[in-house]
Amino acid sequence: MILVVVEAAELERVSEALRAGIGLGLRGDDVAVVLTGPAARLAGGEEVDPRVARALRTLAELGRPARVMGGGELDAGTVDAFMVDASIMGRVRAVEVWTSSDAGPRRLLVGGREVEVDARPPRFRSGGRAIDAAELVAQILGSDGPVVVR
Amino acid sequence: MASDCESGTRPKRLTIVVSTAAERGDLDAAFELARAASACGVYVSMFFMSDAVADLPARRADLAELADDGCELAVCAASAAAAGLGEEDIGLPLGGQDDHAAMVSRADKVVSFT
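Below, the structure written as structure tokens:
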């Protein structure tokens with residue numbers, strides 16, 4: 001399964017994420033799309049943007065409706081729990097998390113480890129020390145489960 | 151160099167997706183990972199879409215270097231059109247969501263800066 005998590009606050013990025021969610025199924029892969037946080041509010045309100053509404057309708061017509069997390073599900077803790085839910089993540093081989101353009105520093109989660117990704121060198125840091133790209137590639141390729149960048 | 155990436159059950163295909171603007175820093179991180187993986191003999195494919203596309207003309211040298219190293223690179227045509235860019239601006243053929251799907255479907259590991 002390919003998991004697309006949409007948490008962006010900008011309408012344009014939510015629309016693009018849903019387009020990706022539709023497109024990723026073109027090769028027959030099982031794709032699950034989840035909207036949460038600001039994106040869920042954009043998709044779950046009374047006046048949904050026509051592009052978002054159309055994309056949600058297309059996903060539903062394709063038989064894989066997007067899951068819009070609402071109410072109490074919207075806190076970040078719930079999303080984290082969802083992301084590591086073994087029953088879901090055990091089947092997930094790839095994850096795309098669509099964040100807001102002004103979201104905080106990047107974190108790359110691989111094999112139970114967290115790597116901070118900085119815009120400037122040294123770009124990758126884990127456990128308080130810088131790691132080079134080759135080491136990170138080895139971790140990624142040697143890991144079980146999907147890589148998640150948030 | 152290859153020894154830095156050795157892993158007993160090392161998969162062979164890495165796909166990197168980028169959809170954010172350059173100021174986020176994802177494009178640089180993605181290029182650095184792609185160069186390192188390619189140097190290890192890993193087959194690397196990269197898909198660029200959405201806000202990442204507008205910054206690609208300024209990164210033609212990086213793209214050309216990665217292509218020369220054997221990386222498969224694809225750019226979303228719809229995103230390029232939205233940014234007012236054509237193939238001649240980016241130096242790569244334009245593709246679409248089918249490329250995105252194919253790259254992710256074939257990959258052993260996917261890293262998405264989205």
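For the record, the sequence lines run as chains A and G.
For the first sequence, the tail end lands on 150 under our numbering, and the numbers increase by one without skipping.
For the second sequence, the tail end lands on 264 under our numbering, and the numbers increase by one without skipping.
C-beta: ideal position from N, C-alpha, C; glycine also.
Practice prompt. Compute the Euclidean distance between the alpha carbons of residue 171 of chain G and residue 63 of chain A, then round it to the nearest angstrom.
Written response: Stepping through the second sequence from its first residue, residue 171 of chain G is reached at position 21. Stepping through the first sequence from its first residue, residue 63 of chain A is reached at position 63. Whole-angstrom Cα-Cα distance: 32 angstroms.
Practice prompt. Take the Cβ of residue 252 of chain G as the centre, count every other Cβ of all protein chains shown within 10 Å, and call the residue buried at 16 or more, exposed below.
Written response: The residue labelled residue 252 of chain G in the question sits at position 102 within the second sequence. That one is buried.
Worksheet item: What separation, rounded to the nearest whole angstrom, lies between the Cα atoms of residue 110 of chain A and residue 145 of chain A?
Response: Reading the first sequence from its first residue, position 110 is the one you call residue 110 of chain A. Reading the first sequence from its first residue, position 145 is the one you call residue 145 of chain A. A straight-line Cα-Cα distance of about 8 angstroms links residue 110 of chain A and residue 145 of chain A.
Worksheet entry | Cβ-based burial, residue 151 of chain G [other Cβ within 10 Å; buried from 16] | Locating residue 151 of chain G in the second sequence gives position 1, where the first residue counts as 1. Residue confidence for residue 151 of chain G is low, a pLDDT of 42 falling below 50, so the modelled location carries little weight and cannot support an answer.
Item to complete: Specify the secondary structure class of residue 101 of chain A as computed by DSSP and reduced to three states.
Response: Within the first sequence, numbered from 1, the residue matching residue 101 of chain A stands at position 101. Here residue 101 of chain A sits in coil by DSSP.
Discussion item. Taking only three categories from DSSP, how would you classify residue 251 of chain G?
Written reply: Your numbering for residue 251 of chain G matches position 101 in the second sequence. Looking at residue 251 of chain G - three-state DSSP - the assignment turns out to be helix.
Worksheet item: Is residue 49 of chain A close to chain G, meaning its C-beta is less than 8 angstroms from at least one C-beta of that chain?
Response: Here residue 49 of chain A is taken as the residue at index 49 of the first sequence, counted from 1. Between residue 49 of chain A and chain G, the shortest Cβ-Cβ separation is not below 8 angstroms.
Worksheet item: When you compare only the Cα positions, how much space is there between residue 132 of chain A and residue 231 of chain G?
Response: In the first sequence, counting from the first residue as 1, residue 132 of chain A sits at position 132. In the second sequence, counting from the first residue as 1, residue 231 of chain G sits at position 81. Roughly 35 angstroms between the two C-alpha positions.
Worksheet item: Looking at C-alpha atoms only, which residue of A:17, A:124, A:129 is the closest neighbour of residue 40 of chain A?
Response: Taking the first sequence and counting its residues from 1, one reaches residue 40 of chain A at position 40. Closest by alpha carbon: A:17.
Practice prompt. Could you check which residue in A:117, A:43, A:121, A:91 has the C-alpha nearest to that of residue 34 of chain A?
Written response: Taking the first residue of the first sequence as 1, we reach residue 34 of chain A at position 34. Relative to the Cα of residue 34 of chain A, the nearest Cα in the group A:117, A:43, A:121, A:91 belongs to A:43.
Practice prompt. With residue 15 of chain A as the anchor, note down where its alpha helix (DSSP H) starts and where it stops.
Written response: As a working mapping, residue 15 of chain A is identified with position 15 in the first sequence. 11-23 is the span of the alpha helix (DSSP H), which, as asked, contains residue 15 of chain A.
Item to complete: May I ask you to list, following chain order, the residues of the stretch 125-138 of chain A that have a beta carbon less than 9 angstroms from some beta carbon of chain G?
Response: Close to chain G, meaning a Cβ-Cβ distance shorter than 9 angstroms, are the following residues of the stretch 125-138 of chain A: 132, 133, 134, 135, 136, 137, 138.
Discussion item. Do residue 240 of chain G and residue 206 of chain G count as a contact pair if the criterion is CB distance below 8 angstroms?
Written reply: For the purposes of this step, residue 206 of chain G is taken as the residue at position 56 of the second sequence. For the purposes of this step, residue 240 of chain G is taken as the residue at position 90 of the second sequence. Closer than 8 angstroms, so yes.
Fill in: residue 251 of chain G: CB within 7 angstroms of a non-hydrogen atom of the ligand ATP
The ligand ATP is not part of this structure, which contains no ligands at all.
Item to complete: Measuring only between beta-carbons, confirm whether residue 209 of chain G sits less than 8 angstroms from chain A.
Response: On the second sequence, position 59 is the one that residue 209 of chain G refers to. Chain A contact via Cβ: absent.
Practice prompt. Answer yes or no: does any C-beta atom of chain G fall closer than 8 angstroms to that of residue 91 of chain A?
Written response: The count along the first sequence starts at 1 and reaches residue 91 of chain A at position 91. False, the Cβ-Cβ gap to chain G never drops below 8 angstroms.
Practice prompt. Pull up the CB-CB distance for residue 114 of chain A and residue 107 of chain A, whole angstroms please, since I reckon it's below 8 angstroms.
Written response: Working through the first sequence from its first residue, we reach residue 114 of chain A at position 114. Working through the first sequence from its first residue, we reach residue 107 of chain A at position 107. Residue 114 of chain A to residue 107 of chain A, Cβ: 6 angstroms. Contact.
Item to complete: Express the C-alpha separation of residue 174 of chain G and residue 23 of chain A in angstroms, rounding to a whole number.
Response: Within the first sequence, residue 23 of chain A is the residue found at index 23, counting from 1. Within the second sequence, residue 174 of chain G is the residue found at index 24, counting from 1. So the two alpha carbons sit approximately 24 angstroms from each other.
Discussion item. Given this structure, state the Cα-to-Cα distance separating residue 153 of chain G from residue 66 of chain A, to the nearest angstrom.
Written reply: Taking the first residue of the second sequence as 1, we reach residue 153 of chain G at position 3. Taking the first residue of the first sequence as 1, we reach residue 66 of chain A at position 66. Confidence at residue 153 of chain G is low in this model, with a pLDDT of 46, below 50, so its placement is unreliable and the value that follows should be read with caution. Near 42 angstroms, if we compare the C-alpha coordinates of residue 66 of chain A and residue 153 of chain G.
Discussion item. Please classify residue 53 of chain A as buried or exposed, where buried requires at least 16 other C-beta atoms within 10 Å of its C-beta.
Written reply: One-based indexing of the first sequence puts residue 53 of chain A at position 53. If you draw a 10 Å sphere on the C-beta of residue 53 of chain A, you find fewer than 16 other C-beta atoms in it, and that means exposed.
Worksheet entry | Best match in A:51, A:134, A:93, A:147 for proximity to residue 192 of chain G [C-alpha to C-alpha] | Taking the first residue of the second sequence as position 1, residue 192 of chain G is located at position 42. With respect to the C-alpha of residue 192 of chain G, the residue from A:51, A:134, A:93, A:147 having the closest C-alpha is A:134.
Fill in: Buried versus exposed call for residue 21 of chain A [16 or more other C-beta atoms within 10 Å across all chains shown]
Within the first sequence, the letter at position 21 stands for residue 21 of chain A. Buried.
Worksheet item: Taking DSSP as the reference, what is the three-state secondary structure of residue 126 of chain A?
Response: Residue 126 of chain A sits at position 126 when you count from the first residue of the first sequence. If DSSP states are grouped into helix, strand and coil, residue 126 of chain A belongs with the strands.
Item to complete: Starting from the beta carbon of residue 190 of chain G, find every residue of chain A whose beta carbon is closer than 9 angstroms, and list them in chain order.
Response: Here residue 190 of chain G refers to the residue found at position 40 when the second sequence is read from its first residue. Think of a sphere of 9 angstroms around the beta carbon of residue 190 of chain G: the chain A residues whose beta carbon falls inside it are 134, 137, 138, 141, in chain order.
Worksheet item: Within 10 angstroms of its Cβ, does residue 162 of chain G collect 16 or more other Cβ (buried), or is it exposed?
Response: Residue numbering aside, residue 162 of chain G sits at position 12 when the second sequence is read from its first letter. It is exposed - the Cβ of residue 162 of chain G has fewer than 16 other Cβ atoms within 10 Å.
Practice prompt. Show which residues of chain A have a CB atom less than 8 angstroms away from the CB atom of residue 175 of chain G.
Written response: Taking the second sequence and counting its residues from 1, the one referred to as residue 175 of chain G is at position 25. At a beta-carbon threshold of 8 angstroms, the residues of chain A lying near residue 175 of chain G are 106, 117, 118, 119, 120, 123, ordered along the chain.
Fill in: residue 208 of chain G burial status per 10 Å Cβ neighbour count (16 or more: buried)
Looking up residue 208 of chain G in the second sequence gives position 58. The C-beta of residue 208 of chain G has fewer than 16 other C-beta atoms within 10 Å across all chains shown, which makes the residue exposed.
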